[in-house]
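Student: A single structure is presented below for examination.
2 protein chains.
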Amino acid sequence: MNDKRYIDVDWKNGMRIRFDYNNMLAENVGSAGITEADIMNMRPRFTKAVENMRNKRKSMEWRELPYQNKDLIEDIKQTAKYIQENYDAFVVFGIGGSALGPIAVHTALNNLRYNELDKQLRKTPKFYVEDNIDPERIRSLFQVIDPKRTMFNVITKSGNTPETMAQMLIITDVLKKALGSGFSKNLIATTDELKGNLIKIASEYGIKTYYIPSGVGGRFSELCPVGLLPAAVCGIDIEELLAGAAYMDSIIESSDSNPAYMFGALSVIAYEKGNNISVMMPYADSLKYIADWYAQLWAESLGKRLDNDNKQVFCGQTPVKALGVTDQHSQIQLYTEGGFDKVVTFIKVDRFREEVTIPHELKQYEDISYLCGHTLNELISAELFGTEYAISKSGHLNNMLILSEVNAFTIGQLLYFFEVATAFAGELLNINAFDQPGVEEGKNVAYALLNRKGYEDKLKELQSIKPKDEKYIK
Amino acid sequence: MNDKRYIDVDWKNGMRIRFDYNNMLAENVGSAGITEADIMNMRPRFTKAVENMRNKRKSMEWRELPYQNKDLIEDIKQTAKYIQENYDAFVVFGIGGSALGPIAVHTALNNLRYNELDKQLRKTPKFYVEDNIDPERIRSLFQVIDPKRTMFNVITKSGNTPETMAQMLIITDVLKKALGSGFSKNLIATTDELKGNLIKIASEYGIKTYYIPSGVGGRFSELCPVGLLPAAVCGIDIEELLAGAAYMDSIIESSDSNPAYMFGALSVIAYEKGNNISVMMPYADSLKYIADWYAQLWAESLGKRLDNDNKQVFCGQTPVKALGVTDQHSQIQLYTEGGFDKVVTFIKVDRFREEVTIPHELKQYEDISYLCGHTLNELISAELFGTEYAISKSGHLNNMLILSEVNAFTIGQLLYFFEVATAFAGELLNINAFDQPGVEEGKNVAYALLNRKGYEDKLKELQSIKPKDEKYIK
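Those protein sequence lines, which keep their order, are chains A and B.
Position one of the first sequence corresponds to residue 4 (our numbering), numbered consecutively onward.
Position one of the second sequence corresponds to residue 4 (our numbering), numbered consecutively onward.
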């Protein structure tokens, strides 16, 4: 960590994420754009939402994560160091909010082929986030790791998530066979301090444990031990990550027309004007999984049937993950020529961590010689500009987040920015952004099918389902 | 290859992909569903589209790819064998249609951690598809391969794709430094036989070349050398892949109400009833990138401003990629409780290539003991059933593709199924599914910014753009 960063205001300001929404406005994209009148209409709700965010801050425990207890940070760093020195691999067993943050931050800040690097280049343990229960995937995991030399971090807030607990049972069996009674030294539990089975198991077997604060939901948990331990194990500077989040918090608190509130408000206006799709399109491979993390945050927080007054609203933009420049060759045809039903958010990186010059080769071929001497960095930048220009010219809404660099400080800002923007959009929509009642039905059916005790009525309900009509199966 | 498969009709029929659309219908999902009247209204267009598909078959050259020249197949197999015996890695440089098919087929049919496996387990060369120009990504590629021991397959139909040709210039420089004048033996070109620069370069330097048939567009090219060579190098049985595609062709030709036409027609009806989103959600990690391949096919083919009568239609469903069970913890809240604006297509696998039993561990914890003794396979199956049930019960449209197994024969079927379904949807929508005029504007701007000859007027246009208003950048 470079201590200078905490005192050098110029450096911080140079790293400030900017949100450019010129191309959300009718004056720039034409009739599908947001007008002065749209903004005037939103104003009373905006004012109310600002007030709500202020009043509810205490209940939004995730908002205080940037300012965590120094002892906890120290403990995480010590544990990470111990793992780095004693293990070859680190595996996260978790799903949803327990997986998407660790994947996004790791991909952003480490080598893009981290696990394939020679150990000398990589330095820190191999890293896996296992967020599915596909039997082919778990078999393949055991083909590339040695469980004896691997630390397994089981992450579930509730302590009962069936996918994660199934993985916990499998790994307990594997480790007992490999290590006998000492199996628990290859396990770390990250869970609620009081609720669920994982905390009880951890306490019975003496498994090292980190707590997920009770007021922090899965999709808002990346800046607690859920994300901090995996990041630290991979060599990421977690204090910089938190400093970035704190910096974004200070930006947000300093003005009502801050980037997060503006993103939330413009998204809601666009949504209510018929844009039911939100495309997140970073122009950097390192940020690819930020789009996945955002997709959960946005979908699960804002996709709600009921508003706070119990009125049916069937609310929510559908997030779409895209990657520049790659998806110019897949999605841009649709984005420029298709319906006026989406907002594209580009994420631009001003300075990559590498620069590659296209060499002066094959110059005799005039139709490609224009590339020679340019850098790939310039090519990406020109293509992003071209795509933004084409989408705007065709009258489709778009905006842009600009990162000077991808580093722990800017990623911390970015995460916190999206979290607050999402919460703010929830206030504007008058919905509860922090629950997920819609996932219960499917879970209960699965429990019933597995003959879990207490789900006998649901099983009866399933037995009465009309069978599929074969004439509609081709 | 198991020759039995070509004669054993029972085996083939057992491997037949089924398309279940019960939950597209109002009788099963309620008021958002498709009614008898919707289907009656569609009938004349359906009949016309069937006729068009018949009349245009000759111009749709990709439809004949399952029946390719045996000499070509033999040549590809020989080349693959030579590469397997003489190289440690195989790198595809391509983007869009030159990348998504190779990635999807490789992921479907090989180990999920193929590159990380010990060479003895993997047997065939490491495999990389480089479909972006991010400088950090290309640097990391050279950290994990030895160019001298790597075969590079440069794929571009036009022979001019700037991203791919930039990669071609970079690799030419690297290989010349490593191998001197023999650099071209580590290169294979896959491109149009007559047009573009790549074919000229290949001929000047004696680079081994495969042709992309002139009537086969990028997104319909997986079953030509674009996809067949990479698949063969990774040990995939390409004749099985083609046999599967041919089998699907026979199914399609045997009835007008075949699965591909039904998928196309129901998608169009749903789209015209307001479902502007198409979610592709396989319940298997191996099929994850089939969703990416589909996303290009569907978006680029059907996302069109003009119909065949030059009327502005701003047409096209936006594809969304999801993965079961993972995204139950990310997207299902929205899919069950959000708007009636999407069709979810599940892809179900009846038999995985592995079975993993959840061991009888920690049985003292009653809330998780219901898992013990079940397989992960059963857990996935129960969760898919639960999710399908919950989404249907909440009144949202969904359908399901069912694969008995994931193997080269079923993947061949699946690819051909989607290609025909897409073409058929294009006929129903009266649009040209085979062009992509909307990508030109962005490309031209990028060329202008890179000072390419012939784009001086575009550069002037750019110089007259109103600068961004700083007040809309937060």
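Glycine is no exception: its CB is placed at the ideal position from the N, C-alpha and C atoms.
The model shown is predicted, which means the values in this text are computed figures rather than measured ones.
To the nearest angstrom, how far is it from the Cα of His-332(A) to the Cα of Gly-100(B)?
Tutor: The alpha-carbon atoms of His-332(A) and Gly-100(B) are separated by roughly 8 Å.
Student: Give me the chain A residues within the contact set of Asp-149(B), using Cβ-Cβ distance strictly less than 9 Å, ordered along the chain.
Tutor: Simply none; closest approach about 12 Å.
Student: Is the shortest distance between the beta-carbon of Asn-135(A) and the beta-carbons of chain B less than 8 Å?
Tutor: With 8 Å as the cut-off, Asn-135(A) counts as an interface residue toward chain B.
Student: Find the residues of chain A that neighbour Asp-370(B), judging by a C-beta separation of less than 7 Å, and give them in chain order.
Tutor: Per Cβ cutoff of 7 Å: Asn-163 and Asn-200.
Student: Listed in chain order, which residues of the segment 167–199 of chain B have Cβ atoms closer than 7 Å to some Cβ of chain A?
Tutor: Answer set for the segment 167–199 of chain B: Met-168, Ala-169, Leu-172, Ile-173, Thr-175 and Asp-176.
Student: Ala-287(A) to Thr-378(A), Cα distance in whole Å?
Tutor: Going from the Cα of Ala-287(A) to the Cα of Thr-378(A) covers about 15 Å.
Student: Using the C-alpha atoms, what's the distance from Asp-295(B) back to Arg-21(B)?
Tutor: Taking the straight line joining both Cα atoms gives about 21 Å.
Student: Taking Cβ to Cβ, would you say Asp-134(A) is nearer than 8 Å to Gly-162(A)?
Tutor: No, Cβ-Cβ distance for Asp-134(A) and Gly-162(A) is not below 8 Å.
Student: Report buried or exposed for Tyr-131(B), applying the criterion of at least 16 other Cβ atoms within 10 angstroms of its Cβ.
Tutor: The residue is buried, with at least 16 neighbouring Cβ atoms inside 10 Å.
Student: Would you report the Cα separation of Ala-302(B) and Ser-281(B), rounded to the nearest angstrom?
Tutor: Going from the Cα of Ala-302(B) to the Cα of Ser-281(B) covers about 10 Å.
Student: Note the first and the last residue of the continuous beta strand (DSSP E) segment covering Ala-192(B).
Tutor: Unbroken beta strand (DSSP E) run through Ala-192(B): 190–194.
Student: Measuring CA to CA, which of Ile-136(B), Arg-19(B) and Glu-77(B) is closest to Leu-382(A)?
Tutor: When each option's Cα is compared against that of Leu-382(A), the closest is Ile-136(B).
Student: Please tell me whether Asp-23(B) and Asn-402(B) are closer than 8 Å, where the distance is taken between their beta carbons.
Tutor: Yes, the Cβ-Cβ distance between Asp-23(B) and Asn-402(B) is below 8 Å.
Student: Along the chain, which unbroken stretches of the beta strand (DSSP E) at least 3 residues long are found entirely within the segment 95–174 of chain B?
Tutor: Those beta strand (DSSP E) runs which fall completely within the segment 95–174 of chain B and span 3+ residues are 129–133 and 153–159.
Student: For Glu-443(B) and Lys-461(B), what's the separation of their Cα atoms in angstroms?
Tutor: C-alpha separation (whole angstroms): 12 Å.
Student: Can you tell me where the beta strand (DSSP E) with Asn-401(A) in it begins and where it stops?
Tutor: 400–408 is the span of the beta strand (DSSP E), which, as asked, contains Asn-401(A).
Student: DSSP on Thr-38(B), reduced to helix/strand/coil?
Tutor: Here Thr-38(B) sits in coil by DSSP.
Student: Classify Arg-60(B) as buried or exposed, calling it buried when 16 or more other Cβ atoms lie within 10 Å of its own Cβ.
Tutor: Under this definition Arg-60(B) is an exposed residue.
Student: Helix, strand or coil, according to DSSP, for Leu-197(B) in the structure here?
Tutor: Looking at Leu-197(B) - three-state DSSP - the assignment turns out to be coil, as it is neither helix nor strand.
Student: Alpha carbons only, please: which of Asn-89(A), Pro-228(A) and Asp-121(A) is nearest the one belonging to Val-157(A)?
Tutor: Comparing Cα positions, the closest option is Pro-228(A).
Student: Below 8 Å on the Cβ atoms is my contact criterion, and I expect Ser-395(B) with Asn-31(B) to pass it. Report the Cβ-Cβ distance as a whole number of Å.
Tutor: So it is a contact: roughly 6 Å between Cβ atoms.
Student: Please report the straight-line C-alpha distance between Glu-473(A) and Met-63(A), rounded to a whole angstrom.
Tutor: Between Glu-473(A) and Met-63(A), the C-alpha separation is close to 50 Å.
Student: Taking Cβ-Cβ distances below 9 Å as the criterion, which residues of the segment 332–347 of chain B are in contact with chain A?
Tutor: Hits within the stretch, in order: His-332, Ser-333, Gln-334, Ile-335, Gln-336, Leu-337, Tyr-338, Thr-339, Glu-340, Gly-341, Gly-342, Phe-343, Asp-344 and Lys-345.
Student: Looking at the strands, I want to know which residues DSSP matches up with Lys-351(B).
Tutor: Answer is Ile-405(B), bridged to Lys-351(B).
Student: Would you list, in chain order, the members of the segment 283–315 of chain A that have their beta-carbon closer than 7 Å to a beta-carbon of chain B?
Tutor: Per Cβ criterion, the list reads Ala-287, Asp-288, Ser-289, Ala-298, Gln-299, Ala-302, Glu-303, Gly-306, Lys-307 and Arg-308.
Student: If I follow the unbroken alpha helix (DSSP H) through Ile-86(A), where does it start and stop?
Tutor: Segment 73–89, the alpha helix (DSSP H) holding Ile-86(A).
Student: Examine the Cβ distances between the segment 109–122 of chain A and the segment 86–97 of chain B and report whether three or more of them are shorter than 8 Å.
Tutor: In short, these stretches do not touch, since the Cβ pair count stays below three.
Student: I'd like to know whether the C-beta of Asn-5(A) is nearer than 8 Å to at least one C-beta of chain B.
Tutor: Interpretation of Asn-5(A) is limited by its pLDDT of 48, a score under 50 that renders its predicted location unreliable; no figure is taken from the coordinates.
Student: Is it right to say His-399(A) is buried, meaning 16 or more other beta carbons lie within 10 angstroms of its own, or is it exposed?
Tutor: When all chains shown are included, His-399(A) counts as buried.
Student: Strictly by DSSP, which residues pair up with Phe-343(B)?
Tutor: For Phe-343(B), which the question treats as bridged, DSSP gives no partner whatsoever.
Student: Closer than 7 Å to a non-hydrogen atom of the ligand PLP - does that hold for the CB of Glu-386(A)?
Tutor: Summarising the ligand content, the structure contains no ligands, and the ligand PLP is consequently not present.
Student: So, using beta-carbon positions, are Thr-247(B) and Thr-413(B) closer together than 8 Å?
Tutor: Note that residue 247(B) is Gly in the sequence shown here, rather than Thr. Contact flag set, yes.
Student: Taking only the alpha-carbon atoms, compute the straight-line gap between Met-4(A) and Ser-143(B) and give it to the nearest angstrom.
Tutor: The pLDDT assigned to Met-4(A) is 44, lower than 50, so where the model puts this residue is not dependable; a value taken from the coordinates is nonetheless given after this. Straight-line Cα distance between these residues: approximately 24 Å.
Student: Going by DSSP, what residues sit across from Lys-477(B) in a beta bridge?
Tutor: Paired residue(s): none; Lys-477(B) is not in a bridge.
Student: Give me the Cα-Cα distance between Lys-307(B) and Leu-431(B), rounded to the nearest whole angstrom.
Tutor: Their Cα atoms are separated by approximately 13 Å.
Student: From Asp-353(B) to Asp-78(B), what distance separates their C-alpha atoms?
Tutor: Cα to Cα, the separation comes out at about 35 Å.
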